[in-house]
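Below: the structure, in structure tokens.
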Amino acid sequence: MTRSIRRVALPASLFLSAAILGGGCDLSTKHWAEETLADEPGQSMTVVDQYVDLSLQYNEGTAFSFVRDLGLARLVFGIFSILVVIALFVVVVRHPQHRWRALGFGVVAGGALGNGLDRIFRDGVVDFIVVHYPWGGSWPTFNIADVLVAVGVAILLIEGIATRTRPPAGAAGATG
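Residue numbers (the working numbering): 671 to 846.
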């Protein structure tokens with residue numbers, strides 16, 4: 671019994687640490703943005719001249735505002751986000767040999783927690799980071815949770831590619 675707990679402990683710790691730290695960082699930066707940028711709605715604070723601004727916005731829809739006003743459905747999306755976090759944790763516990771996958775899932779979970787809690791407890795997701803293209807225009811306003819999801823997916827993709835290109839154990843001298 672102790673051995674199986676030890677096998678699960680590191681991946682579970684990686685997942686929980688990434689999820690809690692990521693979600694906490696996201697929620698903290700959203701709180702900061704609301705406190706700092708709320709006095710000037712629609713105004714922006716320049717961080718990197720011509721490239722990065724901070725501007726408080728509330729996204730009442732889905733990612734990239736594809737669906738603009740979810741209304742009560744935002745609560746369903748929020749609860750679904752929390753259920754996804756639980757499902758990811760179950761996968762990590764059932765497959766503890768995949769430590770990088772546990773980290774990637776944890777980082778994604780941190781983003782899902784941040785935006786999911788926004789959807790449950792606010793009228794919309796707090797977005798505040800604006801990145802401008804050098805040729806004009808800008809990426810849709812986003813937050814740290816969005817960055818976490820992207821980084822987590824990148825970790826999962828790299829882990830997936832690395833495990834598929836690595837030869838199976840015991841096949842060191844095999845030719846293909």
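Even for Gly, the Cβ is constructed at its ideal location relative to N, Cα and C.
In this structure, the CA atom of G694 is about 9 Å from the CA atom of L783. Proximity to E705 across A688, I690 and L724 peaks at L724, based on C-alpha coordinates. D793 carries a coil assignment under DSSP once its states are collapsed to helix, strand and coil. Distance from the Cα of T833 is smallest, within the candidate group Q767, S674 and A779, for Q767.
Ranking W770, G781 and G748 by CA distance to the CA of A682 puts W770 first. The C-alpha of W805 is placed about 37 Å away from the C-alpha of A743. With a cutoff of 7 Å on beta-carbon distance, G780 and L827 are scored as not near each other. Beta-bridge partners assigned by DSSP to S808: H802.
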